[in-house]
Amino acid sequence: MRVVIQRSKESSVSVESEVIGVIPHGLVLLVGLTHDDTQEDLEYCARKIANMRIFSDEDGHMNLSIQQTGGEILSISQFTLYGNTSKGNRPSFINAAKPEIAADMYHTFNDLLRDQGLTVATGKFGAMMDVNIINDGPVTILLDSKNR
């Protein structure tokens with residue numbers, strides 16, 4: 001499982017020009033799943049994201065978690081995180097989980113974040129989405145459950 005974590009001042013996601021998810025501030029998560037991800041990968045990433053200290057304290061140091069700042073999460077499914085560009089110029093997405101498996105895992109992951117006490121808005125799995133992110137910092141971190 002790979003998650004691109006972006007600290008955000010505000011963000012939204014639209015499908016067919018309709019806003020379906022919005023957060024005032026917090027984290028935007030671009031979530032990619034692969035065929036061998038397990039419940040353990042989902043739990044690891046949810047726990048890590050909930051506790052990751054990437055928000056500034058009163059001294060300007062990254063010492064606070066999203067839970068401590070009252071931020072929210074916008075979670076976007078992103079199979080292209082498993083794009084392989086090692087051969088040719090067109091990415092291969094063979095390493096991305098099949099949609100019917102990835103959809104359930106993506107929803108479970110979002111529920112695990114909610115179980116951590118977080119407010120989670122989402123995009124629409126499998127849809128073409130317009131994602132608007134006002135990056136805060138910018139702070140962007142890649143989390144890979146296979147690289148602990």
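Each residue of the sequence shown is one higher than the one before, starting from 1 at the first, in this note's numbering.
Built from N, CA and C at the ideal position, the CB exists for glycine as well.
By alpha-carbon distance to T85, the top candidate from Q78, I76, N95 is N95. For A96, the three-state secondary structure derived from DSSP is strand. Within the same chain, and ignoring the five residues on either side of R114 in sequence, the residues whose Cβ sits closer than 8 Å to its Cβ are V120.
Of all alpha-carbon atoms in T122, S56, I49, the one lying nearest the alpha-carbon of S12 is that of T122. For L42, the uninterrupted alpha helix (DSSP H) run begins and ends at 39-51, by DSSP.
When the Cα atoms are used, I23 and N89 turn out to be separated by approximately 35 Å.
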